[in-house]
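Engineer: Under this note's numbering, the first residue of the sequence shown is numbered 6, with each subsequent residue one higher. Where a beta carbon is used, it is the ideal one built from N, C-alpha and C, also for glycine. I'd like to ask some things about the structure below.
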Amino acid sequence: MNTFLIALVSIALSVTAQFSLKTGMSSPGIKALLVQPRSLKTWLMVLSNQYVLGGFLLYALGAVVWLNVLAKWDVSKAYPLVGLGFVVTAVVGYWLGEQMTWPRMAGIALICAGIVLIGRS
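Laid out in structure tokens, this is it:
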């Protein structure tokens, strides 16, 4: 498989993990738990949430996939692609109803420009 596509798979896994974690931490049961004093029992309940656990597993899988990228590319070429994760997360967040402000859009444009510049070097 093309190294760029492998990198995109890793980034997609990380973005999906982020939304899975957000879903888990936004569930009413978890929010109610976090109002109480934070104890070991509270955090065990958080970590046993299927979305939180799934998010961690997706991050772990994304890291394993990322190792394949690092095996083939210099880290200075590979790591800037992680910036695509910020871009995709913002776009998916907007699609899911999150606010998209002008400063956020400008930041996304700068990230994209940086990725293009580094990719051409």
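For a test of your reading of the model: does the CB of S81 fall under 7 Å from any non-hydrogen atom of the ligand GTP? Yes or no.
Structural biologist: This structure simply doesn't include the ligand GTP, nor any ligand for that matter.
Engineer: Between N73 and the rest of its own chain, which residues show a CB-CB distance below 7 Å, the 5 nearest in sequence each way excluded?
Structural biologist: Cβ neighbours of N73 beyond the five flanking positions: I11.
Engineer: Using C-beta distances below 7 Å, list every residue in its chain close to L115, excluding the 5 sequence neighbours before and after it, in chain order.
Structural biologist: Within the same chain, L115 has no close Cβ partners at all.
Engineer: Which same chain residues end up closer than 6 Å to I16 when comparing Cβ atoms and leaving out the 5 residues on each side of it in sequence?
Structural biologist: L89, G90, listed in sequence order.
Engineer: Near L118, which residues of its chain fall below 6 Å by C-beta distance, leaving aside the five closest residues on each side in sequence?
Structural biologist: The identity of residue 118 in the sequence shown is Ala, whereas the question assumes Leu. Nothing listed; no residue qualifies.
Engineer: Helix or strand or just coil, what does DSSP make of Q55?
Structural biologist: In the structure shown, Q55 sits in a helix (DSSP, three-state: H, G or I).
Engineer: Pick helix, strand or coil for G102, following the three-state DSSP scheme.
Structural biologist: If DSSP states are grouped into helix, strand and coil, G102 belongs with coil.
Engineer: Between which residues of its own chain and Q41 is the CB-CB distance below 7 Å, once the five residues before and five after are set aside?
Structural biologist: Excluding sequence neighbours, Q41 sits near T47.
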